[in-house]
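If you read the protein sequences in the order shown, they are chains F and H.
Under the working numbering, the first residue of the first sequence carries the number 2, and numbering increases by one thereafter.
Under the working numbering, the first residue of the second sequence carries the number 2, and numbering increases by one thereafter.
There are 2 protein chains.
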Amino acid sequence: MEPDGLKTTFENQPSGAFDLEHFLPYRLSLLSNTVSEGIAQFYQQQHRLSVPEWRVMVVLGRYPDSTASQLCEHTVMDKVTVSRAVKSLLEKRYVQRMTDSNDRRKRPLRVTTEHGEKVLQEVIPHALDYQRALKQSLSHSEVKTLDQLMEKLLKAATRLNQQQQT
Amino acid sequence: MEPDGLKTTFENQPSGAFDLEHFLPYRLSLLSNTVSEGIAQFYQQQHRLSVPEWRVMVVLGRYPDSTASQLCEHTVMDKVTVSRAVKSLLEKRYVQRMTDSNDRRKRPLRVTTEHGEKVLQEVIPHALDYQRALKQSLSHSEVKTLDQLMEKLLKAATRLNQQQQT
DNA sequence: GCATATTAGTTACATATGTAACCAATATCA
DNA sequence: TGATATTGGTTACATATGTAACTAATATGC
């Protein structure tokens, strides 16, 4: 095992030395998947919501009358993913769709009071409970540190990816 | 009936108060996806490796003669996912498959020296470079802290999920 | 006003992934 | 030994997801 930041690309790197279990992208993926599974267990089984549907619901709860493209920005999901989630939510009557009379391409969406709000009222507390339980494994200052570290990493990764594109 | 550690809060939770952007599972997912994209850009486009294929390759590099079920453990992937990745890697001649003469159900796998090793020699340095670049956005002690926090969170999430199952 | 470009959103296609059913080899145990 | 259970691994099916092509409405430039 090598200390961080010492080896350079051009040294001989025996393939056996690569350790997936300590590889940051892998560990992030594992953690994210585990947490997502836990949080999704509830709203998927109790309310038949997919991850994209759940995201659309909570963003619409916070920003009513968002259009699909606004939802894309807030959820950082593909527009096709959003379109399909919205379609499914419309069928379930969890959201309703209007038309902007100034620009008839735009279709603002809103959580329905009859069905949608009820779902949110049940799912959100559970999601917050899960988050709270998760954070209880850390101290208050550790939670704050984690926030900062994730923020830094996200910025770094975004920058790195952009550099790679070119 | 509530699983331990997931007590429901019956406080009134207006749905507009939920903030996806600061929700830990969402942020983890966003960070993980961004990092994965960056790391995958290289081995997917240069070497036509999927994420499961890449994982199988590096684990086989470290633990030669692993069977599919051992790969499942090391990669924490579904056995179907592993089976498909192996099938594809066999077709590309990146790995070869033997048969355990003591137990003919077992099919140990090995990275081929001709093609597979060459791929690993190219892909691993790039992966390590990416990780290094990512970690350079943090101080040395922050990297260590991040490691510990992620470890704690993973354990907590795993425990929470198991409790929920019941 | 008309041709073209852009934007909002959906559909078609190919690929990926998980669940369950499945086959083959081995282990268990009466 | 023979019936049954378990294990290693693959296949079938349904679902999910991204890329590209598409329709419809609006904006832009002449």
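Glycine included, every Cβ here is placed at the ideal spot set by N, Cα and C.
Since this is a predicted model, take the numbers as computed values, not measurements.
Using only the alpha-carbon positions, how far apart do residue i and residue j sit?
{"i": "residue 49 (chain H)", "j": "residue 94 (chain F)", "result": "42 Å"}
{"i": "residue 139 (chain H)", "j": "residue 154 (chain F)", "result": "8 Å"}
{"i": "residue 71 (chain F)", "j": "residue 79 (chain F)", "result": "11 Å"}
{"i": "residue 147 (chain F)", "j": "residue 149 (chain H)", "result": "10 Å"}
{"i": "residue 27 (chain H)", "j": "residue 165 (chain H)", "result": "20 Å"}
{"i": "residue 96 (chain F)", "j": "residue 82 (chain F)", "result": "16 Å"}
{"i": "residue 151 (chain F)", "j": "residue 141 (chain H)", "result": "15 Å"}
{"i": "residue 143 (chain F)", "j": "residue 59 (chain F)", "result": "27 Å"}
{"i": "residue 73 (chain H)", "j": "residue 92 (chain H)", "result": "20 Å"}
{"i": "residue 65 (chain H)", "j": "residue 55 (chain H)", "result": "15 Å"}
{"i": "residue 23 (chain H)", "j": "residue 111 (chain H)", "result": "44 Å"}
{"i": "residue 119 (chain H)", "j": "residue 159 (chain F)", "result": "29 Å"}
{"i": "residue 4 (chain H)", "j": "residue 137 (chain F)", "result": "Residue confidence is low: residue 4 (chain H) scores 41 on pLDDT, short of 50, so the model does not pin down where it sits. No coordinate-derived value is stated."}
{"i": "residue 13 (chain H)", "j": "residue 121 (chain F)", "result": "Note that residue 13 (chain H) scores a pLDDT of 49, beneath 50, so its modelled location is shaky; the value from the coordinates is reported in the next line. Residue 13 (chain H) and residue 121 (chain F): Cα-Cα distance of roughly 12 Å."}
{"i": "residue 61 (chain H)", "j": "residue 67 (chain H)", "result": "6 Å"}
{"i": "residue 117 (chain F)", "j": "residue 47 (chain H)", "result": "45 Å"}
{"i": "residue 76 (chain F)", "j": "residue 18 (chain H)", "result": "16 Å"}
Would you kindly check if the distance between the Cβ of residue j and the Cβ of residue i is under 8 Å?
{"i": "residue 129 (chain F)", "j": "residue 157 (chain H)", "result": "no"}
{"i": "residue 63 (chain H)", "j": "residue 20 (chain F)", "result": "yes"}
{"i": "residue 42 (chain F)", "j": "residue 25 (chain H)", "result": "no"}
{"i": "residue 38 (chain H)", "j": "residue 34 (chain F)", "result": "no"}
{"i": "residue 98 (chain H)", "j": "residue 85 (chain H)", "result": "no"}
{"i": "residue 90 (chain F)", "j": "residue 57 (chain F)", "result": "yes"}
{"i": "residue 52 (chain F)", "j": "residue 69 (chain F)", "result": "no"}
{"i": "residue 192 (chain F)", "j": "residue 31 (chain H)", "result": "Residue 192 (chain F) lies beyond the range of chain F shown here (2 to 167); nothing can be said about it."}
Bridge partners of residue i, per DSSP?
{"i": "residue 112 (chain F)", "result": "F:96"}
{"i": "residue 67 (chain H)", "result": "H:110"}
Would you say residue i faces chain F, with C-beta separation under 8 Å as the test?
{"i": "residue 94 (chain H)", "result": "no"}
{"i": "residue 134 (chain H)", "result": "yes"}
{"i": "residue 63 (chain H)", "result": "yes"}
{"i": "residue 8 (chain H)", "result": "Any answer about residue 8 (chain H) is weak, because its pLDDT of 41 lies below 50 and its placement is not dependable; what the coordinates show is given next. So yes, residue 8 (chain H) belongs to the interface."}
{"i": "residue 97 (chain H)", "result": "no"}
{"i": "residue 69 (chain H)", "result": "no"}
{"i": "residue 54 (chain H)", "result": "no"}
{"i": "residue 150 (chain H)", "result": "yes"}
{"i": "residue 90 (chain H)", "result": "no"}
Can you confirm whether residue i, when its beta carbon is compared against all beta carbons of chain H, has any partner nearer than 8 Å?
{"i": "residue 82 (chain F)", "result": "no"}
{"i": "residue 2 (chain F)", "result": "In this predicted model, residue 2 (chain F) has a pLDDT of only 32, less than 50, meaning its place in the structure is not dependable enough to derive any value."}
{"i": "residue 87 (chain F)", "result": "no"}
{"i": "residue 138 (chain F)", "result": "yes"}
{"i": "residue 168 (chain F)", "result": "With chain F represented from 2 up to 167, any question about residue 168 (chain F) goes unanswered, as that position is not in the structure."}
{"i": "residue 153 (chain F)", "result": "yes"}
{"i": "residue 20 (chain F)", "result": "yes"}
{"i": "residue 161 (chain F)", "result": "yes"}
{"i": "residue 100 (chain F)", "result": "no"}
{"i": "residue 75 (chain F)", "result": "yes"}
Can you pull out the residues from the stretch 24-51 of chain F whose beta carbon lies closer than 9 Å to at least one beta carbon of chain H?
Hits within the stretch, in order: 24, 25, 26, 27, 28, 29, 30, 31, 32, 33, 34, 35, 36, 37, 38, 39, 40, 41, 42, 43.
- prompt: Which of the residues in the stretch 104-117 of chain F, read from start to end, lie with their CB under 9 Å from any CB of chain H?
  reply: Taking 9 Å as the Cβ-Cβ cut-off against chain H, the residues of the stretch 104-117 of chain F that qualify are 112, 117.
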